[in-house]
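Scroll down for the structure; my scribbles are underneath it.
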Amino acid sequence: MVVKIGLPEDVSTVLKQLVMNGHFSMAGRVLLTYCRRTYGVDEETAARWTVAYFQREFPGQLQRHRKRLAGA
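In the working numbering, the protein residues as written are 163 to 234.
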């Protein structure tokens, strides 16, 4: 059985601060690096987890970020 645990409070706080200040890409890199180093997964798996996290926790900001990237 897999036990789901959330992110540590300090990582969660850093991600929230980065996203709320408009540094969405940096928040993504922080979470991607955390996943790779903590769980020892490959880049592709960590990227999927990162996208899933942002879709769950910051859907509005993710949508705005994607629109901005599409317009650039």
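Note that CB positions come from ideal geometry on N, CA and C, so glycine has one too.
What you are looking at is a predicted structure, and each value in this text was computed from that prediction instead of being measured.
For the alpha helix (DSSP H) that contains residue i, what are its first and last residues?
i, result
"Lys229", "221-233"
"Asp172", "171-182"
"Gly190", "186-201"
Tell me the rounded alpha-carbon separation between residue i and residue j.
i, j, result
"Val173", "Arg199", "13 Å"
"Gln217", "Gln179", "17 Å"
"Glu205", "Pro170", "21 Å"
"Met182", "Ala232", "20 Å"
"Arg228", "Phe186", "10 Å"
"Ala209", "Leu177", "15 Å"
If contacts are defined as beta-carbon pairs under 8 Å, then residue i and residue j qualify, I think. What distance do you get, rounded to the angstrom?
i, j, result
"Met212", "Gly184", "The sequence given here has Thr at residue 212, not Met. With a Cβ gap of about 18 Å, Thr212 and Gly184 do not count as contacting."
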